[in-house]
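Notes follow once the structure below has been shown.
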Amino acid sequence: MRKQISEIASEGGALSVGLAFYDYETRSSGSFEGEKWFHAASTIKVPVLVGVYGALARGDLHEYSRIHVRNRFLSAADGEPFRVQSGRDANSVVHANVGKTMRVDELARHMIVTSSNLATNLLIDILGVDRLQQTLEELGVKGVDFKRGVEDESAFEADMSNRVTAAGLVGVLRLIEERRAFSEEASAAMLDILHQQEFRSGIPAGLPDDARVANKTGEISTVAHDAGLVYLPDRKPYALAILTEWDASATSGRRKTLANLSRAVYRHLTESD
């Protein structure tokens, strides 16, 4: 399968690929550069979601707690203020509520389902980067490195970026699927949010129509990722993370490559079922 992954990546034009999976049906796992670090892009929002439910479990937050919606954040690099550009954000609802309040559960849902960057930064500000990292470490997660909020350009230029590995994201997904993230109820709530994901051009696009996927994508100028839990009829699910790096000028073929890699893993896991 390693050869097939390399061929798909090469044909698509990807500069590098990190892929990892864990199959609950066969209790088997696989990895292709699964420990390689990539810029996380919006896949970091899954660990943030775990951090939110950690705060809820500790009693630091309540899901119906209301947070003041503002669009002003301080850079992790130099402390200078920055804003999330509404034109670059996939969600307009949170921006429309600037100056008002929104519930924690609403922000968490917008962060995942429509990949709201503004919702993400509001939650990161409330939780704190260090506390987010600590929560993951307490859960035994490796391969996730929190540095800052999203769209912090000064931090990006200072080489301070959130990073993930494919194996790390699979570890986060396994916590959720195995109901080990704080409680069965918390894990079920996170899974429900992930199932509502609106961006389906990566892992889901490489699967049969009857597949259900709880996933989170991430894409910026140089990376395109997807990570999720795949549910198929008459078999147990599998967790899959696909991370890809690209030349910034290569704007086509990214999502097709993610879908092709997803399809290759699906066939590998189901051909002997």
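Residues in the sequence shown are numbered from 2 upward in steps of one, following this note's numbering. Just so you know, even glycine gets a beta-carbon here, dropped at the ideal spot from N, CA and C.
Just the Cα atoms here: how many angstroms apart are residue i and residue j?
i	j	result
Met161	Met2	34 Å
Asp77	Arg175	Looking at the sequence provided, one finds Ala at residue 77 rather than Asp. Whole-angstrom Cα-Cα distance: 30 Å.
Gly312	Ala260	Residue 312 lies beyond the stretch modelled for the chain, which goes from 2 to 274, so this question has no answer here.
Asn98	Ser66	16 Å
Val151	Thr121	7 Å
Ser32	Arg236	21 Å
Ser273	Leu137	35 Å
Asp61	Ala251	43 Å
Asp146	Trp247	21 Å
Tyr284	Glu154	A query on residue 284 cannot be resolved here, the shown segment of the chain reaching from 2 to 274 and no further.
Ala168	Tyr267	17 Å
Val18	Leu244	6 Å
Leu124	Asp106	10 Å
Leu270	Arg28	11 Å
Arg164	Gln134	12 Å
Ser253	Ala225	11 Å
Glu220	His40	10 Å
Ala109	Ser93	15 Å
Val142	Glu34	18 Å
Ala159	Arg149	12 Å
Glu36	Ile6	16 Å
Pro238	Val231	5 Å
Arg201	Arg104	26 Å
Gly52	Gly207	30 Å
Ala190	Trp38	28 Å
Go through its chain and collect everything with a Cβ distance to residue i's Cβ below 6 Å, but skip five positions before and after it.
i	result
Val171	Ala21, Tyr23, Ala240, Ala242
Gly229	Ile204, Val214, Ala215, Asn216
Leu192	Ile177, Ala215
Ser116	Ser43, Ala91
His196	Ala215
Asp211	Pro234
Asp79	Ser155
Ser30	Tyr23
Val95	His111, Ser117, Leu119, Ala120
By the DSSP assignment, the alpha helix (DSSP H) with residue i in it spans what residues?
i	result
Thr166	Taken as a continuous stretch (DSSP letters only), Thr166 belongs to no alpha helix (DSSP H), as it is neither H nor E.
Ile127	118 to 128
Arg59	46 to 59
Ile194	185 to 196
Ser222	Looking at the DSSP string, Ser222 is not in any alpha helix (DSSP H), and its letter there is neither H nor E.
Phe157	154 to 158
Could you please give me the residues that DSSP links to residue i through a beta bridge?
i	result
Asp235	Partner(s): none; Asp235 has no beta bridge.
Gly229	Asn216, Leu241
Phe39	Val165
Asp146	Arg164
Could you name the residues of the same chain whose beta carbon sits closer than 7 Å to that of residue i, not counting the 5 residues immediately before and after it, in chain order?
i	result
Ile9	Thr258, Asn261, Leu262, Ala265
Asp227	Gly203, Ile204, Asn216, Thr218, Ile243, Leu259
Ser222	Ala249
Val49	Met112, Thr121, Leu124, Ile125, Leu133
Can you list, in chain order, the residues of its chain with a C-beta nearer than 8 Å to that of residue i? Leave out the 5 residues immediately preceding and following it.
i	result
Thr102	Arg67, Ile68, His69, Val70
Ala58	Phe183, Ser184, Ala187
Pro82	Arg73, Phe74, Leu75, Ser76
Glu179	Ser188
Gln198	Ile113, Val114, Val214, Ala215, Asn216, Lys217, Thr218, Gly229
Arg89	Asn118, Glu152
Closer than 7 Å, CB to CB, is residue i near chain C or not?
i	result
Val266	No chain C is part of this structure, which consists of one protein chain only.
> If you scan the stretch 64 to 106 from start to end, which runs of the beta strand (DSSP E) of 3 or more residues do you find wholly inside it?
Replying inline: 67 to 69, 102 to 104
> Quick one: complete alpha helix (DSSP H) runs, 4+ long, within the stretch 240 to 271?
Replying inline: 255 to 271
>> Which runs of the beta strand (DSSP E) at least 3 residues long sit entirely within the stretch 3 to 34? Give them in chain order.
In response: 17 to 24, 29 to 33
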